[in-house]
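Participant: For the sequence shown, the working numbering assigns the number 168 to the initial residue and increments by one for each residue that follows.
The structure that follows is given in the form of structure tokens.
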Amino acid sequence: MRRISLPDGTLVPALGQGTWMMGENPSRREQEIAALRAGIELGLTLIDTAEMYGNGESERLVGEAIQGRRDDIFLVSKAYPQNASRDRLPRACEASLGRLGTDRLDLYLLHWRGGVPLRETVEAMERLVEAGKILRWGVSNLDTEDMEELLEAGGGACATDQILYNLTRRGPELDLMPWLAERGIPVMAYSPVEQGRLLAHRELAALASRKGVTPAQLALAWVLRRPGVMAIPKAGSATHVEENRRAADLTLDDEDVAMLERAFPRPDRRRALEML
Ligand SMILES: NC(=O)c1ccc[n+]([C@@H]2O[C@H](COP(=O)([O-])OP(=O)(O)OC[C@H]3O[C@@H](n4cnc5c(N)ncnc54)[C@H](OP(=O)(O)O)[C@@H]3O)[C@@H](O)[C@H]2O)c1
């Protein structure tokens, strides 16, 4: 599994596992836990969750899935913007740790920007690092101007920006991604298969079948081919997890990339960062 270097030198797998919508339906719970465990066995040890997902149920499910394997996992969770203050962040973090059944997060993200000043969030994050509750912190859904402000607010230790990025969401290539790359801040691409909507696209399906791969594998390989980019697809079954894992070994040649990028052109003008 290819690894991505975080700014502090820590290496994490380029392909991880998302968990939005997991834990919300009790009848799917066992299958979702089995899917996450299958992914862990295959090296997809970066797991992304958030206090928001299923009102904490996703974190509970992840906690169960990683039981006995905690030290093998790079565990990511996220705080609501309204919880990203000096007073509330420690409590939100403690609650996430409790649901996850662990004593530390490997990475704690601000889920999106809200009303709390970025400087206050940075301070609150740094205090959690000092307390050993989190090993590092980062952000999500921050556009270039927000990132500039974050760095000015003392946020130089930011480990990643988790953003919406896939073949149909190429806006960040114009501005945000080069800005992050220049500063050695990796991107964590969320919804890398556009929540499944991308997979029925005719040209993607045609190119995939010509290459003898699935549309999901082709879409993921396209995201993963960029240096400094991780992807965290959510897969609710072991079959999908295994399929996605093979995308990390798929190499696209120049012609594949050219065909994909003709079918999914980059916007010609800068636009605000989209989010789901
Ligand atoms: N920071 C943020 O604001 C933010 C926003 C959105 C998402 N995220 C994170 O990013 C993760 C991924 O994004 P996402 O869940 O929105 O969307 P996604 O990963 O692009 O798509 C998930 C959907 O694709 C399907 N899928 C996955 N692999 C497949 C395969 N090989 N073949 C066919 N279908 C497949 C899944 O179905 P099955 O479940 O049936 O496998 C699910 O319906 C989230 O789970 C979450 O952890 C973060």
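Cβ coordinates follow ideal geometry from the N, Cα and C atoms, glycine included.
Note that the coordinates shown come from a computational prediction; the quantities given were computed from them, not determined experimentally.
(1) Within a Cβ cutoff of 6 Å, which residues of the same chain sit near residue 171, ignoring the five residues on either side of it in sequence?
(2) So what does DSSP say about residue 420, is it helix, strand or coil?
(3) Under 8 Å by Cβ, that's how I've got residue 311 and residue 343 pegged, so tell me the actual separation to the nearest angstrom.
(4) So residue 200 and residue 173 are in contact, right, with Cβ under 8 Å, and what is the actual spacing, rounded?
(5) Is it true that the CB of residue 285 sits closer than 8 Å to the CB of residue 257?
(6) Using the Cα positions of residue 288 and residue 308, report the straight-line distance between them to the nearest angstrom.
(7) Following a CB-centred definition, is residue 198 positioned closer than 7 Å to any heavy atom of ligand 1?
(8) To the nearest angstrom, how far is it from the Cα of residue 408 to the Cα of residue 205?
(9) Residue 338 by DSSP, collapsed to three states: which one?
(10) Around the C-beta of residue 424, are 16 or more other C-beta atoms found within 10 angstroms, so that it is buried, or is it exposed?
(11) Is residue 399 near ligand 1 - that is, is its Cβ less than 7 Å away from at least one heavy atom of it?
(12) Got a sec? Which residues, its chain only, sit under 7 Å from residue 370 by beta carbon, not counting five neighbours each side?
Facilitator: So, from the listed chains and residues:
(1) Stepping through the sequence shown from its first residue, residue 171 is reached at position 4. Closer than 6 Å at Cβ, skipping near neighbours: 179, 181, 353 and 397.
(2) Mapped onto the sequence shown, residue 420 falls at position 253. Note: residue 420 maps to coil in three-state DSSP.
(3) One-based indexing of the sequence shown puts residue 311 at position 144. One-based indexing of the sequence shown puts residue 343 at position 176. Confirmed, about 5 Å.
(4) What you label residue 200 is simply residue 33 of the sequence shown in a count that begins at 1. What you label residue 173 is simply residue 6 of the sequence shown in a count that begins at 1. 27 Å between Cβ atoms; not a contact.
(5) Mapped onto the sequence shown, residue 257 falls at position 90. Mapped onto the sequence shown, residue 285 falls at position 118. No; because the gap between Cβ atoms is not below 8 Å, this pair is not in contact.
(6) Residue mapping note: residue 288 aligns to position 121 of the sequence shown, counting from 1. Residue mapping note: residue 308 aligns to position 141 of the sequence shown, counting from 1. Distance between the alpha carbons of residue 288 and residue 308: 15 Å.
(7) Taking the first residue of the sequence shown as position 1, residue 198 is located at position 31. No, Cβ of residue 198 sits at least 7 Å from all heavy atoms of ligand 1.
(8) Position 241 of the sequence shown, counted from the start, is the residue given in the question as residue 408. Position 38 of the sequence shown, counted from the start, is the residue given in the question as residue 205. Between residue 408 and residue 205, the C-alpha separation is close to 7 Å.
(9) Taking the sequence shown and counting its residues from 1, the one referred to as residue 338 is at position 171. DSSP places residue 338 in helix when its eight states are reduced to three.
(10) Locating residue 424 in the sequence shown gives position 257, counting from the first residue. The residue in question, residue 424, is exposed, as its Cβ has fewer than 16 Cβ neighbours within 10 Å.
(11) As a working note, residue 399 is residue 232 in the sequence shown. Within the cutoff, so yes.
(12) Working through the sequence shown from its first residue, we reach residue 370 at position 203. Excluding sequence neighbours, residue 370 sits near 430.
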